[in-house]
Amino acid sequence: MNFAPGTFTPAPGRGRLGRMLLVQARTEAVLTLRNGEQALLTVIIPIGLLVALALMSVIPMPEPRVGSAAARVFALAVISSAFTGQAIGLGFDRRYGVLKRLAATALPRWLLISGRMAAAFVVVAVQVVVLTVTALLLGWQPSLAGVAWGLLVIVLGTLTFGALGVLLGGALRAEIVLALANIVWFLLLLVGGVALGVESMPGWAATIVHLLPSAALAEGLHTALVDGTAPAPRDVLVLSGWGAAAGALSLRTTKLS
1 MNFAPGTFTP APGRGRLGRM LLVQARTEAV LTLRNGEQAL LTVIIPIGLL
51 VALALMSVIP MPEPRVGSAA ARVFALAVIS SAFTGQAIGL GFDRRYGVLK
101 RLAATALPRW LLISGRMAAA FVVVAVQVVV LTVTALLLGW QPSLAGVAWG
151 LLVIVLGTLT FGALGVLLGG ALRAEIVLAL ANIVWFLLLL VGGVALGVES
201 MPGWAATIVH LLPSAALAEG LHTALVDGTA PAPRDVLVLS GWGAAAGALS
251 LRTTKLS
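Quick note on numbering: full-length UniProt numbering labels position 173 of the sequence shown as 173, and the sequence is numbered without any gaps.
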């Protein structure tokens, strides 16, 4: 069999960036969802907390209680995946040389980070679906307008906490990242305006907590999913400010190993 000249001429070159981003994001998302520890952090704990907050009156919460609980647990889910999981995964990938080896391929550095962020959105989407079904079974009745605003807040929150996760996981040793990420997660849950609303705190404490991205995310989701209206401009500005600052810093501090 004869082939025309040039039929098998090599054509080396980098693949399409869109295809590379899709494959990288899919790989990161699959690895995250298959990890047992991440499943505990991203699904099991949020579901348990949602059921507890909706059915138990230990923590004061505005009515309708199921809606208020859903808003706060959605916030926790975003923090768990976009910040805690992102930071720990990035820290250990750096420790074991994964990023350094990937950077030696045709993948540019920005695509490595973008792939992780896209994977975080996939994981958050899975969480939102699971938690929404759970909340509906508990009697939650959201409005369509509230759901639309809530999705926008979740997107902004995922970007913000994803940037914070990259900032932490890309700068420190893996062991330090593991400890700090979990400590920060617990602090944000307990005193960061997530489990306990800002309105339940003393005046001076509420003023400080209002400036935290966790409180802005939780309050923004509460406004959207419970009141059915747009989040307060202050909450949007707080989230955007933290996200922009973390993103700018991470560009300077993120290391491959």
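C-beta: ideal position from N, C-alpha, C; glycine also.
(message) Among V122, S68, V73 and P5, whose alpha-carbon lies nearest the alpha-carbon of Q24?
(response) Residue numbering aside, residue 24 sits at position 24 when the sequence shown is read from its first letter. Nearest option by C-alpha distance: V122.
(message) If you follow the alpha helix (DSSP H) that P233 is in, where does it begin and where does it stop?
(response) Position 233 of the sequence shown, counted from the start, is the residue given in the question as residue 233. Per DSSP, P233 belongs to the alpha helix (DSSP H) from P233 to T253.
(message) I want to check one thing, is the minimum distance from the CB of L249 to the heavy atoms of the ligand COA below 8 angstroms?
(response) This structure does not include the ligand COA; it has no bound ligands of any sort.
(request) Counting only runs of 4+ residues fully inside the stretch 36 to 97, write out the alpha helix (DSSP H) ranges in chain order. (result) Whole alpha helix (DSSP H) segments, 4+ residues: 36 to 39, 45 to 55, 65 to 78 and 86 to 95.
(message) Taking the straight line between their C-alpha atoms, what separation do you get for A244 and T160?
(response) As a first step, residue 244 is located in the sequence shown; it is residue number 244 there, counting from the start. As a first step, residue 160 is located in the sequence shown; it is residue number 160 there, counting from the start. The alpha-carbon atoms of A244 and T160 are separated by roughly 8 angstroms.
(request) Specify the secondary structure class of P5 as computed by DSSP and reduced to three states. (result) Position 5 of the sequence shown, counted from the first residue, corresponds to residue 5. Here P5 sits in coil by DSSP.
(request) Figure out for me which residue from I45, V124 and L22 has the closest Cα to the Cα of L107. (result) Start at 1 with the first residue of the sequence shown, and residue 107 comes out as number 107. When each option's Cα is compared against that of L107, the closest is L22.
(request) Output yes or no for whether 9 angstroms exceeds the beta carbon distance between V198 and V209. (result) Here the question's residue 198 lines up with position 198 in the sequence shown. Here the question's residue 209 lines up with position 209 in the sequence shown. Yes.
(message) Can you look up L112 in the DSSP assignment and give me helix, strand or coil?
(response) Residue mapping note: residue 112 aligns to position 112 of the sequence shown, counting from 1. The answer is helix: DSSP assigns L112 an H, G or I state.
(message) Alpha carbons only, please: which of F8, W110, N2 and L53 is nearest the one belonging to R252?
(response) As a first step, residue 252 must be located in the sequence shown, where it is residue number 252. The candidate whose alpha carbon is nearest that of R252 is W110.
(message) Let me make sure I understand the geometry here. Which of S143, V153 and R19 has the alpha-carbon closest to that of A125?
(response) Counted from its first residue, the sequence shown places residue 125 at position 125. That would be V153, whose Cα lies nearest to the Cα of A125.
(request) Would you mind sorting I88 into buried or exposed? The rule is 16 or more other CB atoms within 10 Å of its CB. (result) Locating residue 88 in the sequence shown gives position 88, where the first residue counts as 1. Buried: at least 16 other Cβ atoms inside 10 Å.
(message) Looking only at its chain, what residues have a beta carbon closer than 7 angstroms to the beta carbon of I113, apart from the 5 residues adjacent to it on each side?
(response) Within the sequence shown, residue 113 is the residue found at index 113, counting from 1. These residues qualify, in order along the chain: V166.
(request) Measuring alpha carbon to alpha carbon, tell me which of G192, L99, S57 and D227 ends up nearest A205. (result) Within the sequence shown, residue 205 is the residue found at index 205, counting from 1. Here the closest residue by C-alpha is G192.
(request) State whether the stretch 141 to 157 contacts the stretch 213 to 230, with contact taken as three or more CB pairs (one from each stretch) at a distance under 8 angstroms. (result) In this structure the stretch 141 to 157 touches the stretch 213 to 230; the number of beta carbon pairs closer than 8 angstroms is three or more.
(message) My assumption, with CB atoms under 8 angstroms, is that T254 sits in contact with A171. Please give the rounded CB distance.
(response) By one-based count along the sequence shown, residue 254 stands at place 254. By one-based count along the sequence shown, residue 171 stands at place 171. Going by Cβ atoms, the distance from T254 to A171 rounds to 7 angstroms, so yes, they are a contact pair.
(request) Classify S250 as buried or exposed, calling it buried when 16 or more other Cβ atoms lie within 10 Å of its own Cβ. (result) Along the sequence shown, read from residue 1 onward, the residue named residue 250 stands at position 250. Buried, by the Cβ-count rule.
(message) With H, G and I counted as helix, E and B as strand and the rest as coil, what does DSSP make of P142?
(response) Locating residue 142 in the sequence shown gives position 142, where the first residue counts as 1. Correct three-state label for P142: coil.
(message) Could you give the first and the last residue of the continuous alpha helix (DSSP H) run that contains S214?
(response) In the sequence shown, the residue the question calls residue 214 occupies position 214. Counting along the chain, the alpha helix (DSSP H) containing S214 begins and ends at P213 to H222.
(request) Please confirm whether A248 and I59 have their CB atoms less than 9 angstroms apart. (result) Counted from its first residue, the sequence shown places residue 248 at position 248. Counted from its first residue, the sequence shown places residue 59 at position 59. Cβ atoms of A248 and I59: not closer than 9 angstroms.
(request) Might you give, ordered along the chain, the residues of its own chain that have their beta carbon closer than 6 angstroms to the beta carbon of L164, omitting 5 neighbours on each side? (result) Translated into positions along the sequence shown, residue 164 becomes position 164. Answer for L164: F83 and A246, listed in chain order.
(request) Please confirm whether V66 and P46 have their CB atoms less than 9 angstroms apart. (result) Here residue 66 refers to the residue found at position 66 of the sequence shown. Here residue 46 refers to the residue found at position 46 of the sequence shown. Contact: no.
(message) Rounded to whole angstroms, what is the Cα-Cα separation between S81 and D235?
(response) Taking the first residue of the sequence shown as 1, we reach residue 81 at position 81. Taking the first residue of the sequence shown as 1, we reach residue 235 at position 235. Answer to the nearest angstrom: the Cα atoms are 20 angstroms apart.
(request) Report all residues from its chain with a CB closer than 6 angstroms to the CB of E219; omit the five preceding and five following residues, and keep chain order. (result) Position 219 of the sequence shown holds residue 219. Here the set comprises D235.
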